[in-house]
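Notes follow the structure.
Residue numbers (this note's numbering): 348 to 601.
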């Protein structure tokens, strides 16, 4: 009898844990390095997943929940005023009803615990601290976004860690270029361009003597699946050498 009761309590405890962790009951969708994937949810919403991305989705009759665990995703949300579309990423929630927006979650570093970018393409969304986090985002006010805005959240969503900028038409097109298998750069540093291209390849580009090349700028449209062509194009533009190794491509001054 004692063992039977213990078994019942164990089952009840397991059910309670699952109830308190709704993401564990959702569907998981993921992409590998260099892979893109489009997912149609049951409500008609569309998720486009960029390279090395993992999300967890759970839809019910009362709510639509998606957790971005890593990477970048474009959400095209089906209109349903009775069921807000809620995306969590890091320590931030993005709430929408029917709209289109990008969520990009950067890897953690020593400087910031989370680096999150939300770019709103259509409609309106509201950013707020993730519900249930104790003390992490105390005092943070919701951020209301309108179309053409990008919000960056560094670390916990506190007032000092949130910045908002306008993104004009060409900037929005560059933001979604990856959905076409492209990376679009407009006068960015060589380091920024290389870091972006490396997201799509298991054979990274390494900048040799990066301190000597930090002033170089890159503009242009490149295929995300062709890091070698990107490296050759940049080398030809700036008079650099490309060294092809088995595990990396090196860009080096001559």
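Built from N, CA and C at the ideal position, the CB exists for glycine as well.
- Tell me whether residue 519 sits in a helix, a strand or coil according to DSSP, three-state version. For the purposes of this step, residue 519 is taken as residue 172 along the chain shown, with counting starting at 1. Helix.
- Message: If you reduce the DSSP assignment to three classes, tell me which class residue 417 lands in.
- Response: Here the question's residue 417 lines up with position 70 in the chain shown. Three-state DSSP puts residue 417 in a strand.
- When the Cα of residue 425 is compared with those of 542, 418, 444, which residue comes out closest? Position 78 of the chain shown, counting from 1, holds the residue named residue 425. Of the candidates 542, 418, 444, the one whose C-alpha sits nearest the C-alpha of residue 425 is 444.
- Item | Contact belief for residue 380 with residue 413 at Cβ below 8 Å, rounded distance in angstroms | In the chain shown, residue 380 corresponds to position 33, counting from 1. In the chain shown, residue 413 corresponds to position 66, counting from 1. The pair is not a contact, with the Cβ atoms about 22 Å apart (cut-off 8 Å).
- Name the DSSP bridge partner or partners of residue 530? Residue mapping note: residue 530 aligns to position 183 of the chain shown, counting from 1. Residue 530 is bridged to 569.
- Output the boundary residues of the alpha helix (DSSP H) element that contains residue 597. Residue numbering aside, residue 597 sits at position 250 when the chain shown is read from its first letter. Note, residue 597: premise wrong, no alpha helix (DSSP H); beta strand (DSSP E) at 596–600.
- Message: On the criterion of 16 or more Cβ atoms from any shown chain inside 10 Å, does residue 304 qualify as buried, or is it exposed?
- Response: The structure shown does not extend to residue 304, since the chain is modelled only from 348 through 601, so no value can be given for it.
- Would you give the residue range spanned by the alpha helix (DSSP H) that residue 543 belongs to? On the chain shown, position 196 is the one that residue 543 refers to. 537–545 is the span of the alpha helix (DSSP H), which, as asked, contains residue 543.
- Message: Can you check whether the C-beta of residue 424 is within less than 8 Å of a C-beta belonging to chain D?
- Response: The structure shown contains no chain D; it holds only a single protein chain.
- Message: Using a Cβ-Cβ cutoff of less than 7 Å, which residues in the same chain neighbour residue 578 once the five nearest sequence positions on both sides are dropped?
- Response: Within the chain shown, the letter at position 231 stands for residue 578. Here the set comprises 552, 589, 596, 598.
- Message: Could you pull the DSSP bridge partners for residue 501 from this structure?
- Response: The residue you call residue 501 lines up with position 154 of the chain shown. DSSP lists 462 as partners of residue 501.
- Message: Cutting at 8 Å between CB atoms, please list the residues of its own chain near residue 514, excluding the five before and the five after it.
- Response: As a first step, residue 514 must be located in the chain shown, where it is residue number 167. Within the same chain, residue 514 has close Cβ partners 466, 495, 496, 497, 522.
- Buried or exposed (CB count within 10 angstroms, at least 16 for buried), residue 419: Sequence index remark: in the chain shown, residue 419 carries index 72 (1-based). Residue 419 is buried by the Cβ-count criterion.
- Query: What separation, rounded to the nearest whole angstrom, lies between the Cα atoms of residue 411 and residue 499?
  - Reply: As a position in the chain shown, residue 411 is number 64, starting the count at 1. As a position in the chain shown, residue 499 is number 152, starting the count at 1. Distance between the alpha carbons of residue 411 and residue 499 is about 23 Å.
- Environment of residue 394 [buried if 16+ CB atoms lie within 10 Å]: Walking along the chain shown from the start, residue 394 turns up at place 47. Counting Cβ neighbours within 10 Å, residue 394 comes out buried, since at least 16 surround it.
- Task: Look at the alpha carbon of residue 409 and the alpha carbon of residue 468, and state the distance between them as a whole number of angstroms.
- Result: To locate residue 409, count along the chain shown from 1; it is residue 62. To locate residue 468, count along the chain shown from 1; it is residue 121. Going from the Cα of residue 409 to the Cα of residue 468 covers about 25 Å.
- Message: Going by DSSP in three states, residue 424 sits in which element: helix, strand or coil?
- Response: Start at 1 with the first residue of the chain shown, and residue 424 comes out as number 77. Here residue 424 sits in coil by DSSP.
- Message: Less than 8 Å between the C-beta atoms of residue 584 and residue 529, yes or no?
- Response: In the chain shown, residue 584 corresponds to position 237, counting from 1. In the chain shown, residue 529 corresponds to position 182, counting from 1. No; because the gap between Cβ atoms is not below 8 Å, this pair is not in contact.
- Query: Relative to the C-alpha of residue 449, which residue among 534, 400, 541 is closest?
  - Reply: Residue 449 sits at position 102 when you count from the first residue of the chain shown. The option with the nearest alpha carbon to residue 449 is 400.
- Query: When we look at the beta-carbon of residue 555 and count the other beta-carbons within 10 Å, is it buried (16 or more) or exposed?
  - Reply: As a position in the chain shown, residue 555 is number 208, starting the count at 1. The residue in question, residue 555, is exposed, as its Cβ has fewer than 16 Cβ neighbours within 10 Å.
- Message: On the criterion of 16 or more Cβ atoms from any shown chain inside 10 Å, does residue 620 qualify as buried, or is it exposed?
- Response: Nothing in the structure corresponds to residue 620, since the chain is present only between 348 and 601.
- Message: Excluding the 5 residues flanking residue 586 on each side, which residues of the same chain have their C-beta closer than 7 Å to its C-beta?
- Response: Within the chain shown, numbered from 1, the residue matching residue 586 stands at position 239. Once the five neighbours on either side are set aside, the close Cβ partners of residue 586 are 601.
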